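Going by UniProt numbering, 81 is the number at position 81 of the sequence shown; the sequence numbering is gapless.
Using N, Cα and C, we set each Cβ at its ideal position, and we do this for glycine too.
None of the values given here were measured: they were computed from a predicted structure.
As structure tokens, the structure follows; a few thoughts come after it.
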Amino acid sequence: MTDTAARASELLRLHREPALLKVVNVWDPISTSAVAGATGTVALATASHSIAATLGYEDGERIPVDEMLDMVRRIVAVTDLPVSADLEGGYGDAAETVRRAIEIGVVGANVEDQLKPLDEAAAQVEAIMRVAREAGVPDFVLNARTDAFPVGGGRDRDVVIADALERGRAYLDAGAPVVFVPGPLTSDEVRTLVDAFGPQRLTTIALPGTPSFDELQELGVARVSFGPISQRVALTALQELAETALAHGDLPGFRELN
Numbered sequence: 001m002t003d004t005a006a007r008a009s010e011l012l013r014l015h016r017e018p019a020l021l022k023v024v025n026v027w028d029p030i031s032t033s034a035v036a037g038a039t040g041t042v043a044l045a046t047a048s049h050s051i052a053a054t055l056g057y058e059d060g061e062r063i064p065v066d067e068m069l070d071m072v073r074r075i076v077a078v079t080d081l082p083v084s085a086d087l088e089g090g091y092g093d094a095a096e097t098v099r100r101a102i103e104i105g106v107v108g109a110n111v112e113d114q115l116k117p118l119d120e121a122a123a124q125v126e127a128i129m130r131v132a133r134e135a136g137v138p139d140f141v142l143n144a145r146t147d148a149f150p151v152g153g154g155r156d157r158d159v160v161i162a163d164a165l166e167r168g169r170a171y172l173d174a175g176a177p178v179v180f181v182p183g184p185l186t187s188d189e190v191r192t193l194v195d196a197f198g199p200q201r202l203t204t205i206a207l208p209g210t211p212s213f214d215e216l217q218e219l220g221v222a223r224v225s226f227g228p229i230s231q232r233v234a235l236t237a238l239q240e241l242a243e244t245a246l247a248h249g250d251l252p253g254f255r256e257l258n
């Protein structure tokens with residue numbers, strides 16, 4: 001576990017740096033190689049929605065855990081960069097799923113709280129971090145996700161933010177190094193969350209209308225990711241290529257490609 005522990009420590013360091021960690025999500029070995037080869041890539045994260053879609057499953061833990069972990073294993077195998085895995089809600093046993101993920105070289109994970117009762121959700125965080133320590137990876141970067149927006153976003157906005165604040169503090173107290181609050185956050189809401197959690201403790205997702213990367217960095221956000229958006233961009237480009245080829249019988253510049 002020496003290499004795994006070292007990569008976990010590096011991933012944790014990247015979250016603690018003042019510079020915003022930008023992580024483009026991947027879903028299979030070829031997308032991993034493409035993103036890892038991009039200048040500036042220092043860490044990778046999988047997207048559960050994208051992996052499930054690749055294998056023909058709907059999102060929401062419809063994919064069997066063995067299939068999810070097998071794809072994550074394939075991703076880890078083609079890169080030396082730290083890899084964080086999106087493990088949804090943990091597939092019935094979050095700590096055991098994280099233990100299995102660490103065995104294949106994963107050094108961080110998103111795990112959803114799915115708005116479980118707070119004491120139960122915090123206990124899940126404690127169990128995950130305990131498993132990581134027992135596996136010899138004490139710097140495992142659990143990105144403890146609160147579903148205050150994805151699941152409970154229909155409530156009054158102030159209630160949603162208050163819930164995210166309470167849950168995030170509890171997860172940090174339970175040992176999570178960072179808290180993931182995915183949602184259409186405003187600058188003021190990001191500032192409120194960072195003030196509550198501390199700098200370099202909040203992670204967010206890039207969505208239309210959310211603060212720019214420069215602003216997120218200035219506000220003290222640790223990391224921003226893209227979820228399934230990266231796969232959608234890739235598939236949109238593929239569809240456009242197909243439509244152009246079918247409509248025109250060839251592609252401009254195609255025959256000049258190496």
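Point to revise | V181 vs R155 beta-carbon contact at 9 Å | key: For V181 and R155, no; Cβs fall outside 9 Å.
Exercise for review: Please determine if the region 41 to 54 and the region 68 to 87 are in contact, where contact requires at least 3 C-beta pairs separated by less than 8 Å.
Suggested key: Contact between the region 41 to 54 and the region 68 to 87 is present, with at least three C-beta pairs closer than 8 Å.
Exercise for review: Pair every Cβ in the region 89 to 107 with every Cβ in the region 23 to 39, then say whether three or more of these pairs are closer than 8 Å.
Suggested key: Because the criterion of three Cβ pairs below 8 Å is not met, the region 89 to 107 and the region 23 to 39 do not touch.
Practice item. Quick one: residues in its chain with C-beta nearer than 7 Å to the C-beta of E67, no 5 flanking neighbours on either side, listed in chain order? Key: For E67, where only same-chain residues beyond five positions count, the Cβ hits under 7 Å are L55.
Review point. Apart from the five residues just before and just after P184, which ones in its own chain have a Cβ nearer than 7 Å to its Cβ?
Key: By the criterion of a C-beta distance shorter than 7 Å, P184 is surrounded in its chain by L207, G209, T210, once the five residues flanking it on both sides are discounted.
Review point. In three-state DSSP terms, what is A176?
Key: In the three-state reduction of the DSSP assignment, A176 falls in the coil class.
Review point. From what residue to what residue does the beta strand (DSSP E) around V23 run?
Key: First-last of the beta strand (DSSP E) with V23: 21 to 23.
Review point. Closest to R201 by CA distance: which of T2, H15, T4, V160 is it?
Key: Comparing C-alpha distances from R201 to each of T2, H15, T4, V160 shows the shortest one belongs to H15.
**Study point:** CB of D78 within 9 Å of CB of A36, strictly
**Key:** Just to set this straight, residue 78 is Val in the shown sequence, not Asp. For V78 and A36, yes; Cβs fall inside 9 Å.
Practice item. Answer yes or no: do L21 and A222 have a C-beta to C-beta separation smaller than 9 Å? Key: Yes, the Cβ-Cβ distance between L21 and A222 is below 9 Å.
**Study point:** Through-space distance from D250 to E17, alpha-carbon basis
**Key:** Each residue's Cα considered, the two are about 47 Å apart.
Review point. Cα separation between L118 and A170?
Key: Taking the straight line joining both Cα atoms gives about 8 Å.
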